[in-house]
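Numbering (this note's numbering), first residue to last: 10 to 654.
Beta carbons are placed, not taken as given, at the ideal position from N, Cα and C, and that holds for glycine.
Shown next, in structure tokens, is the structure this report addresses.
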Amino acid sequence: MCGIAGSIERNLRAAPALEDMAWKMIVPLVHRGPDAGGVWLDAEAGVAIGHRRLSIIDLSPAGAQPMVSASRRYVLSYNGEIYNTAELRAELEARGVVFRGHSDTEVLLEGCATWGVEQTAKRLIGMFAFALWDRMERCIYLVRDRMGIKPLYYSATPERFSFASELTGLRAHPGFDRAIDQDAVEAFRALDYIPAPHSIFRDARKLEQGSILRVAAAAPTEVEITPYWTLADTVQRACADRFCGSFEEATDELEHLLSDAVKRRMVSDVPLGAFLSGGIDSSTVVALMQKQSAKPVQTFTIGFPGGAFNEAPWAKAIAEHLGTDHTEHYVTPEEVLEHGPSIMAHHDEPFADNSLLPTRFVSRLARRDVTVALTGDGGDELFGGYDRHLAARRIANHPVLDYGPVGKALYRGLIPLLPRRLRLATNKFYNAISGSFEHLSSTELRMVAISIGNPEQIPYRLAHGRIRFSGGKAVAPRAAVAAIDAWLEQSKALSVSERQQYIDAAGYLPDDILAKVDRASMAVSLEARVPVLDHRIVEFAYRLPPAMKAGGSGTKRILRAILARHIPEALFERRKRGFVAPVMLWLHGPLRDWADSLMQKEAVLRHGIIDPAAAKAIQRRLHGGRLRRSDFRWVALAAWCDVNL
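What follows is the structure, given as structure tokens:
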């Protein structure tokens with residue numbers, strides 16, 4: 010894994026100045042590539058391209074970047090791993106291409122030179138973000154993988170076009186404008202992350218997943234973005250070609266795809282292991298790894314003393330059953346105090362997913378022994394792993410939505426006012442008279458009541474984050490609402506539960522989950538690979554009938570069936586907790602003084618991003634031991650402001 014950065018300058022042609030600028034842009038990315046760094050210049054064109062290398066495949070200098078093609082026409086700076094390198098290399102060799110080394114970088118570069126950028130991108134199995142400079146056409150291409158596993162930012166102004174793996178690289182450019190995008194801040198307050206293509210800065214954008222950006226050196230603001238793969242097209246094709254076999258046949262096919270995806274991601278010239286949380290997804294990945302490994306796979310788990318958040322014992326039991334070489338570590342309050350503030354501040358834009366902390370801790374643990382780690386990320390979003398995926402169907406199918414206006418009026422006006430027990434009793438009544446309706450929780454019942462007038466609100470209310478309504482209309486930030494509007498339009502051919510899964514896969518997955526894994530792992534120079542998000546698995550997941558993923562028997566039905574073939578169900582059949590940490594306890598404990606001081610800092614408050622009244626209210630709750638979960642969002646925002654403004 011690596012870090013890339015570079016710029017096309019319209020008003021700068023001096024080689025020493027270009028080189029100095031490029032080095033400044035890649036220095037902040039050294040954690041992404043501590044093994045080596047390099048810069049390539051085309052001073053006549055005003056081009057400087059930089060690279061930081063974390064050596065994984067072909068550790069020799071033959072894999073160094075930026076890399077120039079055999080024809081000398083193309084220059085590549087690339088972050089990622091291509092897992093079908095052997096097949097692509099064989100195809101290229103059959104066409105007469107002669108390779109100098111054994112890296113996937115060279116295969117990617119010569120593929121672009123032979124097939125073109127778009128056709129090469131469509132052939133790749135992997136995770137990648139790369140920049141390709143065409144010396145003949147004097148244009149640059151930026152390309153990002155289908156699911157958005159690897160990040161890529163860019164900035165287009167009349168004076169220059171710049172790009173980098175992280176915002177820190179763009180910010181290091183002396184001409185970068187650090188003005189804040191207030192719409193992005195508002196979106197963060199609703200979602201806990203900033204959705205693509207927005208970034209925290211007005212001067213920077215995220216390249217969206219599955220896209221190719223092209224810009225000519227002569228016109229740096231005329232950016233052309235073309236998708237080569239979209240989730241929406243995948244859904245359209247899947248709905249026209251639904252899987253028609255039995256559940257057993259579907260399970261066989263998915264296990265075959267997962268096994269191949271895992272096998273491809275086990276190729277490495279450096280030590281390799283896996284995160285093991287004890288949940289369905291990571292346990293399935295580790296089980297398939299161990300099945301294909303001649304020696305015990307190295308697995309890593311962190312735990313938290315105190316019980317409720319601790320799944321380390323389950324992970325240990327699964328590791329013992331599979332025979333992995335298992336390492337576990339219990340995070341202490343002292344470690345939280347020592348590393349927590351820096352972890353919170355490391356993200357290059359505001360980010361409030363509290364699983365960032367445990368992800369960073371387990372990455373740090375794994376990096377002591379390995380350089381590459383496989384993860385189980387993506388299983389929830391593709392196979393209906395969240396309670397909201399089941400809740401969407403239960404709420405949308407509630408019998409009251411089919412009753413007359415009187416019944417609806419009574420339900421809407423009465424239910425929200427009733428005590429919880431009476432609301433549940435009302436649900437039992439409807440369940441009895443409908444004969445087949447699934448049981449709703451008290452929260453779901455209330456959601457039915459307030460959505461009767463407009464059932465289309467349901468997916469917005471269930472979406473990750475906080476989408477508010479007033480008078481039946483969404484009043485949340487326009488970026489958040491616009492994103493969900495688009496995702497619902499793209500997924501209208503899917504079932505209710507699948508549409509909720511689509512919202513998560515299109516936004517929450519790339520901009521929260523994958524951003525978190527990338528930043529947490531790369532902060533310690535660890536490459537995290539996500540086999541569940543192999544695009545062949547994504548495409549197969551949408552072909553499956555909804556009941557094979559999230560049905561009456563619970564979430565991730567088909568993944569559970571695969572895992573049951575490898576370990577006893579008693580080791581994994583339990584209530585889902587997710588990969589979380591006792592963050593609220595930490596904020597009331599070892600991180601209390603740090604959080605309190607953040608809310609008073611002038612650097613945090615003077616930019617108007619955090620309301621002083623809200624900051625004081627958080628302080629009062631902090632001192633009174635009454636912090637709300639939503640307060641973590643403000644602490645995360647303050648931590649970012651403290652370091653970056």
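Along the segment 206-289, the beta strand (DSSP E) occurs as fully enclosed runs of 3 or more residues at 220-225, 233-236 and 281-284, listed in sequence order.
Only exposed fits S255, as fewer than 16 other CB atoms lie within 10 angstroms of its CB. Across the structure, L580 and K610 are spaced so that their CA atoms are roughly 47 Å apart. Counting other Cβ atoms within 10 Å of its Cβ, T452 stays below 16 and is therefore classed as exposed. Under the DSSP assignment, F309 falls in the beta strand (DSSP E) whose first and last residues are Q307 to G312. Between R104 and V116, the gap from beta carbon to beta carbon reaches 8 Å or more.
Following the DSSP letters along the chain, one finds V84 inside the beta strand (DSSP E) bounded by residues Y83 to I91. Between the alpha carbons of E536 and P160 lies a gap of roughly 13 Å.
For F170, the secondary structure class from DSSP, reduced to helix, strand or coil, is strand.
According to the DSSP assignment, F139 belongs to the beta strand (DSSP E) that extends over G135 to D143. Contact between P229 and F170 holds: their C-beta atoms lie close to 4 Å from each other, under 8 Å. Annotation: the segment 448-484 contains the following complete segments of the alpha helix (DSSP H) (minimum length 4 residues), in chain order: 451-460 and 467-471. Boundaries of the alpha helix (DSSP H) around T177: L176 to R180. Minimum Cα-Cα distance from G12 among the listed residues A622, G563, A648 and M531 corresponds to M531. Partner residues in the beta bridge of Y162, as assigned by DSSP, are A173 and K215. Using a Cβ-Cβ distance cut-off of 8 Å, the segment 629-646 and the segment 593-601 are in contact, since at least three pairs of beta carbons, one from each stretch, lie closer than that value.
When rounded, the separation of the alpha-carbon atoms in L454 and A213 is 42 Å.
Residue state for Y551 is assigned as helix, using DSSP reduced to three classes. Spanning the alpha carbons of V379 and L426 requires a straight line of approximately 55 Å. Within the model, the alpha-carbon separation for L366 versus D386 is close to 16 Å. A residue is called buried once 16 or more other Cβ atoms fall within 10 Å of its Cβ, and A434, having fewer, is exposed.
For the segment 343-407, the continuous beta strand (DSSP E) assignments of 3+ residues that do not extend past its boundaries occur at 381-383, in sequence order. When only Cα atoms are considered, L607 and A647 end up about 6 Å apart. Secondary structure of E146 (DSSP, three-state): coil.
When the alpha-carbon of L285 is set against those of Q301, R273, D278 and T308, the nearest one is in T308.
With distances taken between CA atoms, E582 lies nearest to R569 out of R569, A303 and C253.
Note that the C-beta distance between V295 and T333 is below 8 Å.
Nearest neighbour of H60 by Cα position, chosen from Y551, H265, K272 and L141, turns out to be L141. Taking C-beta atoms as the reference points, Y517 and A247 fail to come closer than 8 Å. Of the residues R62, G55, W49 and L50, the one whose Cα lies closest to the Cα of P43 is R62. A distance below 7 Å between beta-carbons, with the five flanking residues on each side excluded, links G560 to the following residues of its chain, in chain order: R566. With respect to the C-alpha of H338, the residue from I311, P577, S504 and I65 having the closest C-alpha is I311. If you check the CB distance, I627 and C650 do not come in under 8 Å. In this structure, N93 lies near I134, with their beta-carbon atoms less than 8 Å apart.
In terms of Cβ geometry, H182 and D192 do not form a close pair [threshold 8 Å]. Membership of D113 in any beta strand (DSSP E) is not indicated; the residue belongs instead to the alpha helix (DSSP H) covering D113 to W124.
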